[in-house]
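Contents: one structure, followed by commentary.
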Amino acid sequence: EAEFYDLAMAYFRRAAADNVRHAEIFFDPQTHTDRGIPYAFVIEGLSRAARDAKALGLSVGLIHSFLRHLSEEAAFESLAMALPYLDRIIGIGLDSSEVGHPPSKFANVFARARELGLKLCAHAGEEGPPAYVYEALDVLHIDRIDHGNRSLEDPVLVEHIVREGLTLTVCPLSNHKLCVVKDLNDHPIPDMLKKGLRATINSDDPAYFGGYVNDNFLSLTRLGLINRADCITLARNSITGAFLPDDRKAVLIAEIEAFAAEN
17 EAEFYDLAMA YFRRAAADNV RHAEIFFDPQ THTDRGIPYA FVIEGLSRAA
67 RDAKALGLSV GLIHSFLRHL SEEAAFESLA MALPYLDRII GIGLDSSEVG
117 HPPSKFANVF ARARELGLKL CAHAGEEGPP AYVYEALDVL HIDRIDHGNR
167 SLEDPVLVEH IVREGLTLTV CPLSNHKLCV VKDLNDHPIP DMLKKGLRAT
217 INSDDPAYFG GYVNDNFLSL TRLGLINRAD CITLARNSIT GAFLPDDRKA
267 VLIAEIEAFA AEN
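In this note's numbering, the protein residues as written are 17 to 279.
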């Protein structure tokens, strides 16, 4: 438990140094429980760190994510481990190798998570095709799209996402490292904003892919792909799309607006 606490606190301190005010982090318990580490060690360490992060001016939400290269049965087993701790978890995610593991593979476990009152999100359309985004929306009924880059290949899908006001959590540096975007000069964030998509900029396994939140912003501003006004829009989008109570969102959006007015 102490190790999960230390790992989380190291991240929260680093995020706070980037002026992050709210973090919603994914954790993959199956990686650990499959090796015999009790789920309690994972969630107790992470949730204790989330509580202590308040002293850094940071609110935290934890998202229990399923590894999609494993079976839906394994996801159900992982969800069962989480049941005693649902007060510590805000949502369910779906990550790991996307191609060959469509969202529909997890339709039943996501339906169960929805019944439990959890928010739902899924990696879709990063490496996988637009069809995976459709499945995430129409089969899993997700509340937020993780990545979603390849949605731009389908104008009808783009119109649907805009109409529904869904948020996309986009990660420029990991997109580049994974060769989803071969050249950062071609990153789709500017096009997403032009089309009215509620895009956000995020870090993705930052110690692994080599970039925390501000690094991801800087990767695009330094290339002239986004400007100051875009950064403010992206920050506002991130709060609008967060799984937060309305009163907390109002406080954070007011902080963004005050910063924009003063600088």
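Ideal placement from N, C-alpha and C gives every residue a C-beta, glycine not left out. Predicted, not measured: the structure shown is a model, and the values here were computed from it.
- Exclusion of the five residues before and after residue 242 leaves 205, 206 and 236 as the residues of its chain whose Cβ lies within less than 7 Å of its Cβ.
- Taking residue 133 as reference, the option from 162, 174, 95 and 148 with the minimal CA-CA separation is 95.
- Short of 8 Å from the beta carbon of residue 32, and not among the five residues preceding or following it, lie these beta carbons of its own chain, in chain order: 69, 72, 73 and 74.
- Taking the Cβ atoms as the reference, residue 92 lies roughly 21 Å from residue 57, outside the contact range of under 8 Å.
- Residue burial is scored here from C-beta neighbours: residue 43 has at least 16 other C-beta atoms within 10 angstroms and is therefore classed as buried.
- Listed in chain order, the beta strand (DSSP E) runs fully inside the segment 103-168 are 107-111, 135-140 and 160-163, counting runs of at least 3 residues.
- Cβ-Cβ distances below 8 Å link residue 264 to 38 and 75 in the same chain, with the five nearest sequence neighbours on each side left out; the list follows chain order.
- Here the alpha carbon of residue 270 sits roughly 23 Å from the alpha carbon of residue 186.
- Bridge pairing for residue 77: 40 [DSSP].
- CA-to-CA, the gap between residue 267 and residue 250 works out to about 17 Å.
- Here the C-alpha atom of residue 200 lies approximately 16 Å from the C-alpha atom of residue 164.
- The residue among 256, 229 and 143 with its C-alpha nearest the C-alpha of residue 214 is 256.
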